[in-house]
Structure formats: C-alpha cells, structure tokens
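Notes follow once the structure below has been shown.
Protein chains: 2
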Amino acid sequence: MRSDQLEERFKGKGYRLTKQREIILEEISKGKTHPSADEIYLMVKKKIPNISFGTVYRNLKVLRDLGLIRELEFSKSFSRYDGNTKDHYHFTCTKCNKIFDLDIPVMEELNNNLRAKTSFQVLFHRLEFYGICHDCSSGLR
Amino acid sequence: MRSDQLEERFKGKGYRLTKQREIILEEISKGKTHPSADEIYLMVKKKIPNISFGTVYRNLKVLRDLGLIRELEFSKSFSRYDGNTKDHYHFTCTKCNKIFDLDIPVMEELNNNLRAKTSFQVLFHRLEFYGICHDCSSGLR
DNA sequence: AATAATAATAGTAATAATTACTATTAACAA
DNA sequence: TTGTTAATAGTAATTATTACTATTATTATT
C-alpha cells in the first residue's frame, strides 16, 4: 500500500499516522510468521528503542480496526467448560456471549482434505461459528 | 455415569475421587451452559463454601484429562497477529506452536448450512486445524 | 479398624498478558 | 506558526491462571 493511501486510511477513521504505527504495521506485514504482541514489541523496539508495551497493544487494536492486520485469538486463557464431551461445534453470540452447542455432524473429511494437500499430521480441528443469537436479534435481550 | 464407574475412572489414572471433584463435575454436567472457571467456582462454592480457586482450576484439568469435561479455549488473551488480512484458515503445530497459513478456500457454505438449520444470524466462522507440522514429525525439530 | 504414605486441599502469593492512567510530546487543521 | 487534541512513554493496575506450602483427607496395607 502506498504511503499516501495509508495516511488516508488512518484519517478516514480519525486516526493519526504515527511513526510507531507505521513501523508496527511494517514488522507484522513483512514476514509469514504470526507474531505475538510480545514478539512485535521486541521487533519494533529495535527501530524505536523506547517504545512501550502500551503503545504496541493500543496500536494493534487500531490496525485491526482499520483492517490492516488480523488478530487471531488463540489462547491459553479464558476457558469455558463443557459437560458434553462428544466432539461438536459451537455458535457464540457476539452480543450476549452465550455459547450454544450445535447439532451438526463433525466433518472428519475436513481433516482428510487437508492431509491430502499438505504434509501436516492433522489431528483435529476446531470450528467455531459467530453471530447473533435468536434472542438478541429479535430484541428480546 | 454410576458412582463406582466414576471411581474406577479416577483410580485408573491414579487420581482420587474427592467430594470437590464430584461436585465440580456435577455442576458442569447438569446444565447446557458453558461456564467459565469463575462461574464454576461460584456454583461449587454454594455446596462447599470454603473451596478455593486453586482447587477448581486443578480439578478442571483433572476432569479434562479424564475426558469427563471439555475445555474450550475461547479467549481474550494471548493473541497472535497476522499481516494477511484476507480470510483464511490456519494450521497450528502442537509441538513447536508454529502457525501456518492454509491455502485452502474459505467455505462460505458452512455459514449458509448453519443458517438453514438454525435461527442464528451467522456472521462468520473460525476454523483452526491442529496437529504436527512436517519438520516436527520428521524429527528435524 | 488402625496406621502409614501420599495425594488433595485451602489459602495465599506469584505470574503473565493485557489494559488503564497520566504527564509530556507530536500530528495536523486552521 | 500555532492551538487543539490525539498519541506516546512509563508505570501501575487488572484479570485469568498457576505455584507454593502447611494441613487434611483418601487409600493401601497391616
């Protein structure tokens, strides 16, 4: 993306284009890795030695908001527990944060398809749907 | 599950069946909700007022290990960032924790299928594959 | 049933990722 | 160039989870 286009993108949403933001975006975009906030902080620190963690986190949110990067919420934290131990998918309502079990078959073929295309040992997959649940979209909640 | 079967299940893996474990399992299994560790702590606290957070967390891991409950790692924390903003899937190596972009088409039909079966407003889905990457399974890493 | 060995517990402190706060600095519209 | 205000650096606070430790409870063995 050209620098003036980038600037427009920022101003369009009322953000300012700062050196910090430019370099954070640059560092994330240049590789094929999927760095953590911590790793991004370290990479950027080489170019802006006194940058702070707060600035990195704040700007990751800004860049995500602008659609310039994607945030993948993997995780170790914030688990939910399910008494249903048979393999199944979930739907999460982004409004009320309720999680619903889905009664659709688990697609083992997705793993097979990926095995056929790659050299990965595919063990399992996680499929999570997101949207608005019935109660929330009908104004009941 | 009968109580004696449950006990066998625990002993089989060298765990003891304690009141705390029984009640934690009971509370998770009785509803269709997907409680957080915090919520479980509060539910169990009604029956064992002086239970501690540590006990809940420790036993959630034990119950998961026994296959009696499932842990869904949703999350707010531990994000990874991706410079590739076009919709795509990932493969995560559970050995080296590397994340790979997958070059397989995004299946919009999964959302349509779910829309057809439920009254949810399905907005998007996340599909993550897990397993062992080529380098790790060939002993290179 | 009594005992010995040790796993599990309660209570508390520590950790790790992220977010909030605040005085200072920098971007940019006029 | 200047005034307005968003963004920054630095630090403290927050939140979910884990670690630590003295005490208690469970189970195997007598």
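Top line first, the protein sequences correspond to chains G and P.
For the first sequence, the working numbering begins at -15 and goes up steadily by one.
For the second sequence, the working numbering begins at -15 and goes up steadily by one.
Beta carbons: idealized from backbone N, C-alpha and C, even for Gly.
Practice item. Have a look at the DSSP bridge pairing and note the partners of Glu112/G. Key: Here residue 112/G refers to the residue found at position 128 of the first sequence. Per DSSP, His74/G and Arg110/P.
Point to revise | Ile35/G, DSSP secondary structure in three states | key: Here residue 35/G refers to the residue found at position 51 when the first sequence is read from its first residue. Correct three-state label for Ile35/G: coil.
Check your understanding: Leu94/G to Ile88/G, Cα distance in whole Å?
Key -> Against the first sequence, residue 94/G aligns to sequence position 110. Against the first sequence, residue 88/G aligns to sequence position 104. If I take the Cα positions, the gap works out to 14 Å.
**Study point:** Nearest to Leu44/G (by Cα), restricted to the options Glu112/G, Ser103/G and Ile12/G
**Key:** One-based indexing of the first sequence puts residue 44/G at position 60. Ranking Glu112/G, Ser103/G and Ile12/G by Cα distance to Leu44/G puts Ile12/G first.
Practice item. From the DSSP output, in three-state form, read off Ser59/P for me. Key: Taking the first residue of the second sequence as 1, we reach residue 59/P at position 75. For Ser59/P, the pLDDT reaches just 48, beneath the cut-off of 50, and the residue's location in the model is therefore unreliable, although a value from the coordinates is still provided. Reduced to three states, the DSSP call for Ser59/P is coil.
Review point. Is Leu192/G helix, strand or coil when you go by DSSP?
Key: Because chain G spans -15 through 125 in this model, residue 192/G falls outside it and cannot be assessed.
Exercise for review: For Gly115/P, count neighbouring Cβ atoms within 10 angstroms of its own Cβ and tell me buried if that reaches 16, exposed if not.
Suggested key: Here residue 115/P corresponds to residue number 131 of the second sequence, with the count starting at 1. Label assigned to Gly115/P: buried.
Point to revise | Bridge partner(s) assigned by DSSP for Gln105/P | key: To locate residue 105/P, count along the second sequence from 1; it is residue 121. BP columns for Gln105/P point to Ile116/G.
**Study point:** Range of the contiguous alpha helix (DSSP H) that encloses Lys29/P
**Key:** The count along the second sequence starts at 1 and reaches residue 29/P at position 45. Start and end: Ala21 to Lys29.
Review point. Applying the criterion that 16 or more other CB atoms from any shown protein chain within 10 Å of the CB defines a buried residue, is Met(-15)/P buried or exposed?
Key: Walking along the second sequence from the start, residue -15/P turns up at place 1. Exposed, by the Cβ-count rule.
Exercise for review: Check each candidate in His74/P, Lys82/P and Ser121/P and name the one with the smallest Cα separation from Arg110/G.
Suggested key: Within the first sequence, numbered from 1, the residue matching residue 110/G stands at position 126. Arg110/G has its Cα closest to that of His74/P, out of His74/P, Lys82/P and Ser121/P.
Check your understanding: Using a beta-carbon distance below 8 Å, is Phe37/G in contact with chain P?
Key -> Taking the first residue of the first sequence as position 1, residue 37/G is located at position 53. No, because no Cβ of chain P sits closer than 8 Å to the Cβ of Phe37/G.
**Study point:** Sequence-distant residues of its chain with Cβ nearer than 7 Å to Ile7/P (five each side left out)
**Key:** For this step, residue 7/P is matched to residue 23 along the second sequence. Closer than 7 Å at the Cβ level, and outside the excluded window around Ile7/P, lie Val28, Lys31 and Ile32.
Review point. Which bits of chain G does Gly115/P rub up against, with CB to CB less than 7 Å?
Key: As a working note, residue 115/P is residue 131 in the second sequence. By Cβ distance, chain G contributes Phe104, Gln105, Val106 and Leu107.
Exercise for review: Determine the chain G residues that contact Arg110/P at a beta-carbon separation under 9 Å, and present them in chain order.
Suggested key: Counting from one through the second sequence, the residue named residue 110/P turns up at place 126. Here the neighbours are Leu56, Glu57, Arg110, Leu111, Glu112, Phe113 and Tyr114.
Exercise for review: State yes or no: is the beta carbon of Phe75/P nearer than 8 Å to at least one beta carbon in chain G?
Suggested key: Taking the second sequence and counting its residues from 1, the one referred to as residue 75/P is at position 91. True, the Cβ-Cβ gap to chain G drops below 8 Å.
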